[in-house]
(Lines of atoms letter the chains of each structure in order from A and count residues from 1; the text may use other names and numbers.)
(Lines give C-alpha, C1' and ligand atoms only; values in the text may rest on other atoms or scores of the structure.)
Protein backbone atom coordinates (compact mmCIF):
# COMPACT_ATOMS: atom_id res chain seq x y z
CA UNK A 1 0.00 0.00 0.00
CA UNK A 2 2.10 2.89 -1.26
CA UNK A 3 -0.46 5.58 -0.36
CA UNK A 4 0.30 5.24 3.35
CA UNK A 5 2.62 7.95 4.61
CA UNK A 6 4.86 5.46 6.39
CA UNK A 7 5.50 3.76 3.05
CA UNK A 8 6.79 7.07 1.71
CA UNK A 9 9.01 7.44 4.78
CA UNK A 10 10.43 3.95 4.28
CA UNK A 11 11.10 4.72 0.61
CA UNK A 12 12.91 7.93 1.57
CA UNK A 13 15.04 6.05 4.13
CA UNK A 14 15.88 3.39 1.53
CA UNK A 15 16.94 5.99 -1.02
CA UNK A 16 19.03 7.90 1.54
CA UNK A 17 20.89 4.77 2.63
CA UNK A 18 21.40 3.66 -0.97
CA UNK A 19 22.89 7.07 -1.78
CA UNK A 20 25.29 6.72 1.14
CA UNK A 21 26.24 3.25 -0.08
CA UNK A 22 27.03 4.18 -3.65
CA UNK A 23 27.26 7.93 -4.34
CA UNK A 24 28.12 10.05 -1.30
CA UNK A 25 31.67 10.09 0.11
CA UNK A 26 31.76 9.28 3.82
CA UNK A 27 34.95 10.97 4.95
CA UNK A 28 38.14 12.62 3.75
CA UNK A 29 41.62 11.52 4.79
CA UNK A 30 44.72 13.26 3.43
CA UNK A 31 42.67 14.98 0.69
CA UNK A 32 41.31 11.64 -0.56
CA UNK A 33 37.57 10.95 -0.51
CA UNK A 34 36.48 7.60 0.88
CA UNK A 35 33.22 6.02 -0.19
CA UNK A 36 31.26 3.32 1.62
CA UNK A 37 32.63 0.74 -0.83
CA UNK A 38 36.15 1.47 0.45
CA UNK A 39 35.17 0.42 3.99
CA UNK A 40 33.68 -3.08 3.81
CA UNK A 41 31.95 -2.92 7.19
CA UNK A 42 30.35 0.43 6.41
CA UNK A 43 29.22 -0.81 3.01
CA UNK A 44 27.61 -3.92 4.52
CA UNK A 45 25.89 -1.84 7.19
CA UNK A 46 24.47 0.70 4.75
CA UNK A 47 23.26 -2.00 2.37
CA UNK A 48 21.69 -3.91 5.28
CA UNK A 49 19.89 -0.77 6.48
CA UNK A 50 18.62 -0.02 2.98
CA UNK A 51 17.43 -3.60 2.50
CA UNK A 52 15.65 -3.65 5.86
CA UNK A 53 13.82 -0.44 5.04
CA UNK A 54 12.98 -1.68 1.54
CA UNK A 55 11.66 -5.03 2.78
CA UNK A 56 9.69 -3.21 5.46
CA UNK A 57 8.04 -1.20 2.71
CA UNK A 58 6.33 -4.32 1.38
CA UNK A 59 5.37 -5.85 4.74
CA UNK A 60 2.28 -3.66 5.16
CA UNK A 61 0.00 -6.65 5.70
CA UNK A 62 2.04 -7.82 8.68
CA UNK A 63 2.37 -4.71 10.85
CA UNK A 64 4.13 -6.44 13.75
CA UNK A 65 6.88 -7.77 11.48
CA UNK A 66 7.08 -4.38 9.74
CA UNK A 67 7.65 -2.68 13.10
CA UNK A 68 10.39 -5.19 13.93
CA UNK A 69 12.11 -4.53 10.60
CA UNK A 70 11.95 -0.79 11.15
CA UNK A 71 13.38 -1.13 14.67
CA UNK A 72 16.19 -3.27 13.28
CA UNK A 73 16.87 -0.68 10.57
CA UNK A 74 17.07 2.03 13.26
CA UNK A 75 19.52 -0.16 15.17
CA UNK A 76 21.65 -0.54 12.03
CA UNK A 77 21.57 3.25 11.61
CA UNK A 78 22.83 3.65 15.17
CA UNK A 79 25.65 1.17 14.49
CA UNK A 80 26.56 3.18 11.37
CA UNK A 81 26.74 6.32 13.53
CA UNK A 82 28.95 4.59 16.10
CA UNK A 83 31.19 3.26 13.31
CA UNK A 84 31.56 6.77 11.86
CA UNK A 85 32.39 8.14 15.30
CA UNK A 86 35.03 5.44 15.82
CA UNK A 87 36.62 6.17 12.44
CA UNK A 88 36.54 9.88 13.22
CA UNK A 89 38.28 9.40 16.58
CA UNK A 90 40.79 6.81 15.39
CA UNK A 91 42.03 8.40 12.17
CA UNK A 92 41.26 12.08 12.76
CA UNK A 93 39.37 12.29 9.47
CA UNK A 94 36.92 14.97 8.41
CA UNK A 95 33.44 13.56 7.95
CA UNK A 96 31.43 14.56 4.92
CA UNK A 97 28.48 16.74 5.92
CA UNK A 98 26.30 15.32 3.12
CA UNK A 99 26.72 11.83 4.57
CA UNK A 100 25.77 13.03 8.05
CA UNK A 101 22.71 14.86 6.71
CA UNK A 102 21.57 11.78 4.79
CA UNK A 103 22.06 9.57 7.86
CA UNK A 104 20.00 11.91 10.03
CA UNK A 105 17.39 12.21 7.29
CA UNK A 106 17.11 8.41 7.02
CA UNK A 107 16.93 8.03 10.80
CA UNK A 108 14.13 10.59 11.08
CA UNK A 109 12.26 8.93 8.20
CA UNK A 110 12.55 5.53 9.90
CA UNK A 111 11.29 6.90 13.20
CA UNK A 112 8.34 8.60 11.49
CA UNK A 113 7.57 5.38 9.60
CA UNK A 114 7.58 3.44 12.87
CA UNK A 115 5.19 5.94 14.42
CA UNK A 116 2.87 5.63 11.42
CA UNK A 117 2.84 1.84 11.54
CA UNK A 118 2.28 1.91 15.31
CA UNK A 119 -0.63 4.30 14.86
CA UNK A 120 -2.19 1.98 12.26
CA UNK A 121 -1.70 -1.01 14.55
CA UNK A 122 -3.30 0.81 17.48
CA UNK A 123 -6.24 1.81 15.27
CA UNK A 124 -6.83 -1.77 14.13
CA UNK A 125 -6.62 -3.03 17.73
CA UNK A 126 -9.14 -0.45 18.92
CA UNK A 127 -11.57 -1.42 16.17
CA UNK A 128 -11.09 -5.11 17.04
CA UNK A 129 -11.94 -4.31 20.67
CA UNK A 130 -15.26 -2.77 19.63
CA UNK A 131 -16.32 -5.93 17.75
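Residue numbers (the numbering used here): 47 to 177. For every residue, glycine included, the Cβ atom is placed at its ideal position computed from N, Cα and C.
Backbone CA spacing between residue i and residue j [nearest angstrom]
{"i": "residue 129", "j": "residue 141", "result": "12 Å"}
{"i": "residue 68", "j": "residue 145", "result": "11 Å"}
{"i": "residue 173", "j": "residue 163", "result": "15 Å"}
{"i": "residue 156", "j": "residue 166", "result": "15 Å"}
{"i": "residue 60", "j": "residue 91", "result": "13 Å"}
{"i": "residue 169", "j": "residue 148", "result": "31 Å"}
{"i": "residue 56", "j": "residue 110", "result": "15 Å"}
{"i": "residue 126", "j": "residue 64", "result": "13 Å"}
{"i": "residue 137", "j": "residue 58", "result": "31 Å"}
{"i": "residue 150", "j": "residue 143", "result": "11 Å"}
{"i": "residue 84", "j": "residue 175", "result": "52 Å"}
{"i": "residue 78", "j": "residue 171", "result": "53 Å"}
{"i": "residue 118", "j": "residue 80", "result": "26 Å"}
Interface flag, residue i vs chain B, CB-CB below 8 Å
{"i": "residue 155", "result": "Looking for chain B here will not work: only one protein chain is present."}
Proximity winner among the options, relative to residue i (alpha-carbon distances)
{"i": "residue 104", "options": "93, 70, 116", "result": "116"}
{"i": "residue 132", "options": "101, 73, 158, 167", "result": "73"}
{"i": "residue 139", "options": "75, 127, 63", "result": "75"}
{"i": "residue 66", "options": "175, 152, 106, 161", "result": "152"}
{"i": "residue 51", "options": "143, 160, 175", "result": "160"}
{"i": "residue 158", "options": "143, 127, 113, 136", "result": "113"}
{"i": "residue 102", "options": "175, 120, 124, 87", "result": "120"}
8 Å contact criterion, which residue i and residue j should meet: CB distance rounded
{"i": "residue 122", "j": "residue 95", "result": "4 Å"}
{"i": "residue 82", "j": "residue 89", "result": "5 Å"}
{"i": "residue 134", "j": "residue 53", "result": "Actually they are not in contact, since the Cβ atoms of residue 134 and residue 53 sit about 34 Å apart, beyond 8 Å."}
Per DSSP, the bridge partner or partners of residue i
{"i": "residue 141", "result": "73"}
### Task
Within the region 57–96, note down every full beta strand (DSSP E) run reaching 3 residues or more, in order along the chain.
73–75, 78–80
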